[in-house]
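Residue numbers (the working numbering), protein chains in the order written: chain A, 1 to 240; chain B, 1 to 817. By construction, the Cβ of each residue, glycine as well, lies at the ideal position given by its N, Cα and C atoms. Keep in mind it's a predicted model, so treat the numbers as computed, not measured. Structure record follows, encoded as structure tokens.
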């Protein structure tokens, strides 16, 4: 039939076939799971008429899933649900739609997905970078252009603290992380720009230890000035 | 024709007939005299004719008879070959025999023997060639065109035979002896080298290409002679140079080597083939220069130290021979010049310091305080020029302005002019900017400022040329512009320029050296001053026709209207009540100006205003004093027109000035004893009930007194120790001024760089980091030396402002529309 529609041209016919087939395929084979809606209702406890889940509800949800709030996997959760900012409550559409498109229908599915994503954070530097870069927008105060140093430090620790047993795909040495934080506070910086935030990830990905910086750092590379200054500071201290 | 010619078809007879003639032509062995005699003496024309005819007859007859006999089987060419060939072979054998039989005389050197024989033989060969001319032309020609490449014309045959018999067997000895002659000559013995010469020429002549006789090649020459010649030469000069350097100095060696090379190269023209020239030069270069390049380079610095131009240029001449050595030499030159410049400046600092110490020996603590700014700008700039000129001369005279060396000089000058002990004192931070632009600006100020001290002697005469020379090398041209503008502004406002033409001339030259843009502000300042003068005239005529005009009401007044952003004065909002004596003028001018240019706002820079006052407070009968005062001082002094004592509170009330402004205005009055302060002391200057009394009569030696000069912009911590205040205040003010300039410069650069980056990125859309940085440096080097950190800051800023965005690779940027 497709062949005759396309005058016997095989390739056109195949294209047409798949086009039509796909349309038909995507059309509601999976329906939105009722369980997700129920889940949302369960944690949206304060006001049923308002279709938004507030922070308390989210915290309970995370805890019930068996994760600690400090777990980087919670950031994956926020990413999956497409949260723009920590302050914003989560709407029903976001919640249900987000999990739906992540192929989760039940509480258990969600739990498994998050465990899986934590694994990805540990395995894939690319995925980690996506989540890391996403986090900047998530934790940025509304109406602010740059991140407060304090929250930046908190989240750096969350990502890269080597004392926890969760080792992520990119892991700077504890000394390096500490030197960096000491440097920032001693220089009187209060804000961390998105650029610095993102480049810092590339920085520690490339040089995970002080020794690596010592042997390979090149000030002519495109690092932001702040990282150059960090290097100079290390130089002055005689560490590199 | 005494003898009858042989029958043309009888080979034996013909050969027997010509053989004696041949021997005659070649010269009989054993009779040395024959070699000396001319050949035509030996061989009579008649005999020569006979030989020629016999050969001719033989060849002609044979080929024609062979043609007759063999017409049917068509082997004409082959038979003629056989016939010509027989006599050819006979001749060849005869030549060989002849040469073998040659013997050298006892106690004759082989070389001499060889040469003597060669001379004779070549002459003979030519005659023989002529004698066999017919055969050459027909039979040999035909054989060769048939592809028989081992058949030669008779001359060549002679040479080939010579080579085979005489040369090949004795070549080693021969070359050995030639070399001996050359070595003797090298050692400086006067010796005849004609023999060697002829021998060498024979090597060239023996180079015969059997394929193409006309093409002379150098096979023999190169293979047997040139190679060993070069080896000998190398060995000889290796020994020579090593011995020489062991016993004598490098400086002497330079000349010796130069001389040797000249000798060798002139010898080339005399005896050797052109081909050897290049190889010999190379060999000499290697042995005499390249192998000792380290010693020579070491000597180079010593020679530069001695400034011995003759030696330097000789050395350069040597080094130039090996083009590969020059970059290293240029490098050495560069670092030498740089160091020399730095040393000169350090010495200058030291000298000035010791001089200063001698002067202020008893005043020990001051030494330290003034250690910062001791070198006068003119001496500093002169010193820079001096070094520059010394080496420009050397570069020109010794290095013929070779491009490598001019470049080296430029680099070195740029280095020492911008960075030396004075411009960047040791221990200053990495980001410190050079003081040279500032010093140069001060130098130009000295040049262009009218001064009453005319102690400028000829040697330290200042010149605009010097400014331009140094200016070319400044890396931070914008810093110079800034400092220059400041000093220029002061000259303009205070009217202390030597002349407008001079100012314009310097500006013109700066402009042509850099760009219109560069001098834009300065030019605008000059314009402002001209417009202001017009305004002054206009105002003058305007008030004269005013109904209430009196000289008292409108004192002489000179306005300056300055474009705010062009001038280095920043507007400060100062609380101030204009004294009523000046209000009509002030109001009048504002009215005139706003009528003329509507929409323009006049802001008054009170702290910069100055005036002259006539004060008749001296002893009666003496001419009145003329005081040059600031506007603030004027307003204070005007108060004393009404009473002779005034309290600080009164001053404040009338002028509305801040206490610091009052105090700084008052200090010169008190120091010059125009005012008496009770109670005394700096502390009291800020107390409202302190009383000031005007001295009447005022005693001073001069009638013109400049009080304005004593006013410092900042009064040092009120309550500091009495005496040191003046100087301490000055440095503090200067420090903050310097910081201000520095900050201003940095913001200007930042803006410039950001604009630069946006421009580049707009055109290129997407660029790797390194390219962008390089482009920025290239675009800004006309103004200043862009530091990478500054460029990065600009990039960071632009990313924050979302003009740029980092690409995902983290190493390039993208322009965001």
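Just to confirm my understanding: we take residue 228 of chain B, look at its own chain, exclude 5 residues before and 5 after, and list those with CB closer than 6 Å. What are they?
Indexing the second chain from 1 puts residue 228 of chain B at position 228. Cβ neighbours of residue 228 of chain B beyond the five flanking positions: 175.
Is it a yes or a no for the stretch 663-676 of chain B touching the stretch 631-645 of chain B, going by three-plus beta-carbon pairs under 8 Å?
yes
Residue 28 of chain A burial status per 10 Å Cβ neighbour count (16 or more: buried)
Looking up residue 28 of chain A in the first chain gives position 28. Confidence in residue 28 of chain A is poor, its pLDDT being 48 and thus under 50, which makes the residue's placement unreliable; the coordinate value appears in the next sentence. It counts as exposed.
In this structure, does DSSP put residue 57 of chain A in helix, strand or coil?
Stepping through the first chain from its first residue, residue 57 of chain A is reached at position 57. If DSSP states are grouped into helix, strand and coil, residue 57 of chain A belongs with the helices.
By the criterion of Cβ-Cβ separation under 7 Å, what are the contact partners of residue 799 of chain B in chain A?
The count along the second chain starts at 1 and reaches residue 799 of chain B at position 799. Under the 7 Å cutoff, chain A gives 195.
With a threshold of 8 Å between beta carbons, is residue 786 of chain B in contact with chain A?
As a first step, residue 786 of chain B is located in the second chain; it is residue number 786 there, counting from the start. So, not an interface residue.
Between which residues of its own chain and residue 522 of chain B is the CB-CB distance below 8 Å, once the five residues before and five after are set aside?
Translated into positions along the second chain, residue 522 of chain B becomes position 522. Closer than 8 Å at the Cβ level, and outside the excluded window around residue 522 of chain B, lie 481, 484, 485, 488, 507, 510.
Assuming residue 658 of chain B and residue 633 of chain B make a contact with CB atoms under 8 Å, what is their CB distance in whole Å?
Indexing the second chain from 1 puts residue 658 of chain B at position 658. Indexing the second chain from 1 puts residue 633 of chain B at position 633. Not quite, the Cβ-Cβ distance comes to about 15 Å (not below 8 Å), so this is no contact.
Reduced DSSP category for residue 218 of chain A - H, G, I as helix; E, B as strand; rest coil:
Your numbering for residue 218 of chain A matches position 218 in the first chain. Coil, per DSSP.
Pick from B:181, B:344, B:285, B:810: whose alpha carbon is nearest that of residue 305 of chain B?
As a working note, residue 305 of chain B is residue 305 in the second chain. Residue B:344 is the option with its Cα nearest to residue 305 of chain B.
Would you say residue 167 of chain A reaches chain B, if we count a Cβ-Cβ gap shorter than 8 Å as a contact?
On the first chain, position 167 is the one that residue 167 of chain A refers to. No, because no Cβ of chain B sits closer than 8 Å to the Cβ of residue 167 of chain A.
How about residue 306 of chain B: is its Cβ closer than 7 Å to a heavy atom in the ligand ADP?
Of ligands this structure carries none, so the ligand ADP is not represented either.
Can you name the residues of chain B whose CB is closer than 8 Å to the CB of residue 202 of chain A?
Position 202 of the first chain, counted from the start, is the residue given in the question as residue 202 of chain A. By Cβ distance, chain B contributes 810.
Give, in chain order, every residue of the stretch 212-237 of chain A whose Cβ lies closer than 9 Å to some Cβ of chain B.
219, 220, 221, 222, 223, 224, 225, 226, 228, 229, 232
Verify whether the separation of the beta carbon atoms of residue 636 of chain B and residue 625 of chain B is less than 8 Å.
Here residue 636 of chain B corresponds to residue number 636 of the second chain, with the count starting at 1. Here residue 625 of chain B corresponds to residue number 625 of the second chain, with the count starting at 1. The answer is no: Cβ separation not under 8 Å.
Name the residue from B:117, B:811, B:505, B:410 whose alpha carbon lies nearest to the alpha carbon of residue 768 of chain B.
Locating residue 768 of chain B in the second chain gives position 768, where the first residue counts as 1. Checked all of B:117, B:811, B:505, B:410; the closest Cα to residue 768 of chain B is B:811.
Where does residue 645 of chain B fall in DSSP's three states?
By one-based count along the second chain, residue 645 of chain B stands at place 645. Residue 645 of chain B falls in the strand class under three-state DSSP.
Between the C-alpha atoms of residue 798 of chain B and residue 778 of chain B, what's the straight-line distance to the nearest angstrom?
Taking the first residue of the second chain as position 1, residue 798 of chain B is located at position 798. Taking the first residue of the second chain as position 1, residue 778 of chain B is located at position 778. Going from the Cα of residue 798 of chain B to the Cα of residue 778 of chain B covers about 19 Å.
Can you tell me whether residue 747 of chain B is buried or exposed? The criterion is at least 16 other CB atoms within 10 Å of its CB, across all chains shown.
Taking the second chain and counting its residues from 1, the one referred to as residue 747 of chain B is at position 747. Exposed: under 16 other Cβ atoms inside 10 Å.
I want to verify the contact list: residues of chain D whose CB lies under 8 Å from the CB of residue 806 of chain B, in sequence order.
The displayed structure is made up of protein chains A and B, and chain D is not among them.
Pairing CB atoms from the stretch 146-163 of chain A with CB atoms from the stretch 98-109 of chain A, are three or more of them under 8 Å?
no
Can you look up residue 497 of chain B in the DSSP assignment and give me helix, strand or coil?
Along the second chain, read from residue 1 onward, the residue named residue 497 of chain B stands at position 497. Note: residue 497 of chain B maps to strand in three-state DSSP.
For the beta strand (DSSP E) holding residue 819 of chain B, just list the boundary residues, first then last.
No statement about residue 819 of chain B is possible, as the shown extent of chain B runs from 1 to 817 and does not include it.
Just mark residue 596 of chain B as buried or exposed, buried being the case when its beta carbon has 16 or more other beta carbons within 10 Å.
If you number the second chain from 1, residue 596 of chain B lands on position 596. Exposed: under 16 other Cβ atoms inside 10 Å.
In this structure, how does DSSP classify residue 65 of chain A when only helix, strand and coil are distinguished?
Within the first chain, residue 65 of chain A is the residue found at index 65, counting from 1. Residue 65 of chain A falls in the helix class under three-state DSSP.
Which residues, in chain order, does the stretch 267-289 of chain B contribute to contact with chain A at a C-beta distance below 9 Å?
none
Can you check the stretch 563-598 of chain B for any alpha helix (DSSP H) of at least 4 residues that lies completely inside it and give the ranges in chain order?
583-596
With DSSP run on the structure shown, which of helix, strand or coil describes residue 890 of chain B?
Missing from the structure shown is residue 890 of chain B; chain B here goes from 1 to 817 and no further.
For a quick check, are the C-beta atoms of residue 296 of chain B and residue 326 of chain B less than 8 Å apart?
Sequence index remark: in the second chain, residue 296 of chain B carries index 296 (1-based). Sequence index remark: in the second chain, residue 326 of chain B carries index 326 (1-based). Going by C-beta atoms, residue 296 of chain B is not nearer than 8 Å to residue 326 of chain B.
What does the alpha-carbon distance come out to for the pair residue 814 of chain B and residue 519 of chain B?
Taking the first residue of the second chain as position 1, residue 814 of chain B is located at position 814. Taking the first residue of the second chain as position 1, residue 519 of chain B is located at position 519. Residue 814 of chain B and residue 519 of chain B: Cα-Cα distance of roughly 34 Å.
Do the stretch 227-241 of chain B and the stretch 281-288 of chain B touch if we need at least three Cβ pairs shorter than 8 Å?
yes
Would you mind reading off the limits of the beta strand (DSSP E) that contains residue 822 of chain B?
This structure does not reach residue 822 of chain B, given that chain B is present from 1 up to 817, and the question cannot be answered.
Using 8 Å as the threshold, is the C-beta distance between residue 136 of chain A and residue 147 of chain A below it?
Residue numbering aside, residue 136 of chain A sits at position 136 when the first chain is read from its first letter. Residue numbering aside, residue 147 of chain A sits at position 147 when the first chain is read from its first letter. In contact: residue 136 of chain A and residue 147 of chain A (Cβ atoms closer than 8 Å).
Figure out for me which residue from A:186, A:234, A:224, A:54 has the closest Cα to the Cα of residue 198 of chain A.
One-based indexing of the first chain puts residue 198 of chain A at position 198. Ranking A:186, A:234, A:224, A:54 by Cα distance to residue 198 of chain A puts A:224 first.
Is there a C-beta anywhere in chain A that falls below 8 Å from the one on residue 308 of chain B?
Looking up residue 308 of chain B in the second chain gives position 308. No, its Cβ sits nowhere closer than 8 Å to a Cβ of chain A.
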